[in-house]
Amino acid sequence: MNKIYHPKKEDWSKILKRPTQTVADIEKIVESIFEEVQANGDGAIKKYTDQFDHVQLDSLLVTDDEIQIASNSVSNDLKKAISLAKSNIEEFHAAQKTTKVEMETMPGVLCWQEKRPIQKVGLYIPGGTAPLFSTILMLAIPAKLAGCSEIVLCTPPDKNGNVNPTILFAAQLCGVTKIFKVGGIQAVAAMTFGTETIPNVYKIFGPGNQYVTVAKQLATKYGVAIDMPAGPSELLVVADDSANPAFVASDLLSQAEHGTDSQVILVSTSEKLIDTVEKEIEFQIKELPRASIAEKSIGNSKLILVKDDESAIDLINEYGPEHFIVCVENEDFYLQNIQNAGSVFIGNYTPESAGDYASGTNHTLPTNGYAKQYSGVNLDSFMKSMTFQKISKEGMEAIGPSIELMADAEGLQAHKNAVTLRLNSTKPN
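Numbering (my numbering), first residue to last: 619 to 1047.
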């Protein structure tokens, strides 16, 4: 890993740069695939599935028989583990439900707010080198709790045209209504426009590589909402001599193994800890089945020494990590001052893996610095807030003159007339 000691503030943006391509590098590819899917539907989907996933499919829809066979092949121990995670995620997200907000802002003027589910949502679940069945729990559970009536899932098939069995088991368990064997840019395009087989949706959720991230952003130009621009995974750990170096190294590697474009960063006030963690990484990485991926990711990563906690938190807020682990003696300082992070993990016994799988919080989080303006997925992500108002005759008499004056000042005569007619109707003949 790259060691950086006491970086100057003016160098932070360069030091903290993510290892990602610019949108311009990818956008042309995404746009051409979108155009073809919009024009040719299932035919384009099958073409790109053959090109990118190296399999020719007769049907894109996963059948009930396929789901049953796949579910039977998942071990009972894994099913129990998934059920435990499902229970915790349900409990935490159900607690996020809010009640109707209702008030009379003045006599005769009643206002209230209610929430409604987004009717049709699409879930993108990465396959590839690490089929993320856990992401189904993070997306389908709150979608079901919110009351979404149509939950469409797209995930890439393997070279035999099959979907990972655990993905199918989790999808069925969590109430997904339709599952399709399609991944990448073409999956996002299909959920954006709809095809002969795949329905269009109102909002698309889920992580993916840089191509999927750009595809989701392009989908917004066609009237489809997205959860956030979630790209390659990242983790920042702040640690001092009170931290366990082996634990810190394991957390850094847990994100580094996600993909070659992942990034992990350690920020510390202790040079001794940095040196020890570096040795632990060298030791632990040898034992990982995905060592070659983790090694490339580690090449994108940093060990940063700063002089004090104040410098550390300023640098961390500038970076805005997706995952933020706090393993320091003065943890309250960081908890009170962190402004930009997707999810925070506190103490030596809170690995980021807990949030990835089973603690109950959501692991679909903003990356690439978007934690500065985006939240992670939550129950409200699958809902819309609607406002209502009802005004009585007495209420209109009280509020109407102010509306008339404001509309007149803006030069909107029809707005004023809509009120004036009502006020005149309340006056005695």
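Built from N, CA and C at the ideal position, the CB exists for glycine as well. Since the structure is predicted, the reported quantities are computational estimates derived from the model, not experimental observations.
query	result
contact_flag[the segment 935–949, the segment 657–675] where n(CB pairs < 8 Å) is 3 or more	no
From 993, 740, 820 and 839, residue whose alpha carbon lies closest to that of residue 801	740
Counted within 10 angstroms of its Cβ, other Cβ atoms place residue 999 as buried (16 or more) or exposed	buried
Whole-angstrom distance between residue 1006 and residue 726, CA atom to CA atom	14 Å
Where residue 735 falls: helix, strand or coil (DSSP)	strand
Beta-carbon spacing of residue 941, residue 983 below 8 Å	yes
Proximity to residue 1002 [Cα-Cα], best of 821, 866 and 908	821
Close beta carbons around residue 834, own chain, < 7 Å, minus the five adjacent residues each side	806, 822, 844 and 847
Own chain, CB closer than 6 Å to residue 761, minus 5 neighbours either side, in chain order	739, 769 and 1000
Counted within 10 angstroms of its Cβ, other Cβ atoms place residue 876 as buried (16 or more) or exposed	buried
Residues that DSSP places opposite residue 620 in a beta bridge	920
Reference residue 634; option with closest CA among 713, 853 and 893	853
Simplified DSSP assignment, three categories, for residue 790	helix
Distance between beta carbons of residue 830 and residue 742, contact taken as under 8 Å	6 Å
Buried/exposed call for residue 881, threshold 16 Cβ in 10 Å	buried
Cβ distance (whole Å) where residue 815 is taken to contact residue 728 below 8 Å	Actually they do not touch by this definition, with Cβ atoms about 46 Å apart.
Beta-carbon contacts of residue 793 that lie in its chain and below 7 Å, excluding the five residues immediately before and after	758, 762 and 769
Coil, strand or helix - residue 680 by DSSP	coil
Cβ-based burial, residue 970 [other Cβ within 10 Å; buried from 16]	buried
3-residue-minimum beta strand (DSSP E) runs that sit fully inside the segment 896–983, ordered along the chain	920–923, 941–945 and 961–964
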